[in-house]
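Heads up: the protein sequence lines correspond to chains A and B, in order. Position one of the first sequence corresponds to residue 1 (this note's numbering), numbered consecutively onward. Position one of the second sequence corresponds to residue 1001 (this note's numbering), numbered consecutively onward. Notes follow the structure.
Number of protein chains: 2
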Amino acid sequence: MRSAFREQVGALGTGIAGLCDLSGRAMQHATHALLNADLTVAEEVLGRHEELTYRCAQVETDAFTILALQAPVAGDLRAVLSALKNVADAERMGVLALHVAKIARRRHPRRAVPDEVSCDVADMGRIAVRIGNDVTDVVLNNDSGKAAQLALDDEAMDDLHRHLFTVVIDPDWPHGTAAAVDITLLSRYFERFADHAVDIAGRVIYQSTGAHA
Amino acid sequence: MRSAFREQVGALGTGIAGLCDLSGRAMQHATHALLNADLTVAEEVLGRHEELTYRCAQVETDAFTILALQAPVAGDLRAVLSALKNVADAERMGVLALHVAKIARRRHPRRAVPDEVSCDVADMGRIAVRIGNDVTDVVLNNDSGKAAQLALDDEAMDDLHRHLFTVVIDPDWPHGTAAAVDITLLSRYFERFADHAVDIAGRVIYQSTGAHA
């Protein structure tokens, strides 16, 4: 039973890595849609979101089944509860990608992002994609090196978030409040996406090493 | 053991109601600080947040203990896992109150909210406080009437959120992008606060009646 339990918890991890991957790819496509005012891609992100919701429910059900049938205690119980929290974070990452795609759709055929900040927003998107890949690796392989990289990327994301904030509230910002509001929300979506990934990675590393990432 | 289990799950509910109440009061004080540029109250909200974090961890530990010692299955297991999700939502509500207090502090001694929208923001604050009270009641008493009221308040909050969005992106908005950015973020914090309360109430009603709220 012990090894069956390990296998089942391992399968949970694989499921969660799949959710992280799916959310990361959603953010990649949403960022593309945003920066290129690409309505087709934005609609694709919106259309594919249901798959994430469905797969989250599947992984939750798997965790539930393990708890019900195996009644794990101590560290094993903690591992399953930690997996459930990871599902919630991965699902939220997908929702944030969805929000980015919605802004792209709302402003179409215009681009929501003025040229002046498109490099910063593109950087946020690139970092988010790397974070999505890294958290997937951390979940699959307990890779603490990737977790450390992810923490650095989260700091870079926070820096960009603060920077964009100062750019849009500058009295000389020439693009009006509508664009400022879009950038504020987008910046917050990217920053929260990174936060959730950091939370997942932190839990995985803690589960595997007992140390906080 | 059966009745011991019921008692322990009941105690979890009481704990979660306490967290909802704490988060609701934090939002009440944060809104006061915001609308009155009251730095003292804003600092109090920030200072008290640790208590919420600590009490969330306590309720989580209680849930963990029930799972480890009682190994519940089926509906009982679902009740405990649902409680764990409620803790996460209640904690997030407190964090959102914290964010409101931080904006009040950041803009002090000025008021972050221009007169033009202070009634709307005050409405959001009032609704948030009622939502905090209602979700506390729902958790304590499975009160489906309060859950229905909460759903209506959530709709009212969404309406205000959309309305404020149109106000700040209006080309005639006279208060500059800095104020628009503050209002955008504040409006999102209030709206998310309501969403989390709705999620909690939905789970509680579903647990008690099997019907979606």
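In this text, a Cβ means the ideal position worked out from N, Cα and C, and glycines have one as well. Since we're looking at a predicted model, the values are computed, not measured.
Checklist entry - Taking only beta-carbon atoms, is A1033/B less than 8 angstroms away from chain A? => result The residue given as residue 1033/B occupies position 33 in the second sequence. Answer no: the Cβ-Cβ gap between A1033/B and chain A never drops below 8 angstroms.
Checklist entry - Got a sec, what are the start and stop residues for the alpha helix (DSSP H) H99/A sits in? => result Here residue 99/A is taken as the residue at index 99 of the first sequence, counted from 1. That run of the alpha helix (DSSP H) goes 74-107.
Checklist entry - Taking only beta-carbon atoms, is T1184/B less than 8 angstroms away from chain A? => result On the second sequence, position 184 is the one that residue 1184/B refers to. For T1184/B, the answer is yes, since a Cβ of chain A falls inside 8 angstroms of its Cβ.
Checklist entry - Is the beta carbon of A1033/B sitting closer than 8 angstroms to the one on V1045/B? => result As a working mapping, residue 1033/B is identified with position 33 in the second sequence. As a working mapping, residue 1045/B is identified with position 45 in the second sequence. The answer is yes: Cβ separation under 8 angstroms.
Next on the checklist: Under 8 angstroms, with one C-beta from each stretch per pair, do the region 1084-1100 of chain B and the region 1011-1027 of chain B reach the 3-pair mark?
Outcome noted: yes
Item to check | Members of the region 1166-1195 of chain B that neighbour chain A once the beta carbon cut-off is set at 9 angstroms | outcome: V1168, I1169, D1170, P1171, W1173, H1175, G1176, T1177, A1178, A1179, A1180, V1181, D1182, I1183, T1184, L1185, R1188
Item to check | For R1188/B, the first and last residue of its enclosing alpha helix (DSSP H) | outcome: Here the question's residue 1188/B lines up with position 188 in the second sequence. Its alpha helix (DSSP H) spans residues 1176-1209.
Checklist entry - Taking the alpha carbon of I1057/B as the point to measure from, which residue in V1087/B, A1104/B, V1129/B, R1126/B has its own alpha carbon closest? => result In the second sequence, counting from the first residue as 1, residue 1057/B sits at position 57. Before going further, note that residue 1057/B is Ala rather than Ile in the sequence given. Checked all of V1087/B, A1104/B, V1129/B, R1126/B; the closest Cα to A1057/B is V1087/B.
Checklist entry - Listing by chain order, which chain B residues have their CB less than 9 angstroms from the CB of L81/A? => result Within the first sequence, the letter at position 81 stands for residue 81/A. Going along chain B in sequence order, the residues near L81/A (Cβ under 9 angstroms) are E1060, A1063, F1064, L1067, L1081, L1084.
Checklist entry - Taking Cβ positions, are I966/B and A1211/B nearer each other than 8 angstroms? => result Residue 966/B lies beyond the stretch modelled for chain B, which goes from 1001 to 1213, so this question has no answer here.
Checklist entry - Are any of the Cβ atoms in chain B nearer than 8 angstroms to that of L46/A? => result For the purposes of this step, residue 46/A is taken as the residue at position 46 of the first sequence. No, its Cβ sits nowhere closer than 8 angstroms to a Cβ of chain B.
Checklist entry - Looking only at C-alpha atoms, which of H108/A, V80/A, F193/A sits nearest to V41/A? => result Position 41 of the first sequence holds residue 41/A. Nearest of H108/A, V80/A, F193/A to V41/A, Cα basis: H108/A.
Next on the checklist: When you compare the CB positions of V59/A and G15/A, do they come within less than 8 angstroms of one another, or not?
Outcome noted: On the first sequence, position 59 is the one that residue 59/A refers to. On the first sequence, position 15 is the one that residue 15/A refers to. Yes, these two residues count as a Cβ contact at 8 angstroms.
Checklist entry - What's the C-alpha gap between D143/A and S208/A? => result Within the first sequence, numbered from 1, the residue matching residue 143/A stands at position 143. Within the first sequence, numbered from 1, the residue matching residue 208/A stands at position 208. A direct Cα-to-Cα measurement between D143/A and S208/A gives close to 10 angstroms.
Checklist entry - For the alpha helix (DSSP H) that contains R1110/B, what are its first and last residues? => result Within the second sequence, residue 1110/B is the residue found at index 110, counting from 1. From DSSP, R1110/B is part of no alpha helix (DSSP H); its letter is neither H nor E.
Checklist entry - So which residues on chain B does A74/A lean against when the C-beta distance must stay under 8 angstroms? => result If you number the first sequence from 1, residue 74/A lands on position 74. Those are A1068, listed as they occur along chain B.
Next on the checklist: For a cutoff of 8 angstroms on Cβ pairs, would you count A1088/B as touching chain A?
Outcome noted: Within the second sequence, residue 1088/B is the residue found at index 88, counting from 1. Yes, because at least one Cβ of chain A sits closer than 8 angstroms to the Cβ of A1088/B.
Checklist entry - Where does the unbroken alpha helix (DSSP H) through A11/A begin, and where does it stop? => result As a first step, residue 11/A is located in the first sequence; it is residue number 11 there, counting from the start. That run of the alpha helix (DSSP H) goes 2-36.
Item to check | Own chain partners of R1055/B with C-beta closer than 8 angstroms, once the 5 adjacent residues on each side are dropped | outcome: On the second sequence, residue 1055/B is found 55 positions in, with the first residue counted as 1. Here the set comprises G1015, G1018, L1019, L1022.
Checklist entry - How would you list, in chain order, the residues of chain A whose beta-carbon sits under 9 angstroms from the beta-carbon of L1052/B? => result Within the second sequence, the letter at position 52 stands for residue 1052/B. The premise fails here: L1052/B is roughly 17 angstroms from chain A at the closest Cβ pair, so nothing lies under 9 angstroms.
Item to check | beta strand (DSSP E) runs wholly inside the region 1135-1162 of chain B, at least 3 long, in chain order | outcome: none
Checklist entry - Taking the Cβ atom as the reference point for each residue, do T184/A and L1084/B lie within a distance shorter than 8 angstroms? => result Locating residue 184/A in the first sequence gives position 184, counting from the first residue. Locating residue 1084/B in the second sequence gives position 84, counting from the first residue. Not a contact, by the Cβ cut-off of 8 angstroms.
Item to check | chain A within 8 angstroms of A1071/B, Cβ atoms only | outcome: Counting from one through the second sequence, the residue named residue 1071/B turns up at place 71. So, interface residue.
Checklist entry - So which residues on chain B does L77/A lean against when the C-beta distance must stay under 8 angstroms? => result The count along the first sequence starts at 1 and reaches residue 77/A at position 77. Neighbours of L77/A on chain B, chain order: F1064, L1067, A1068.
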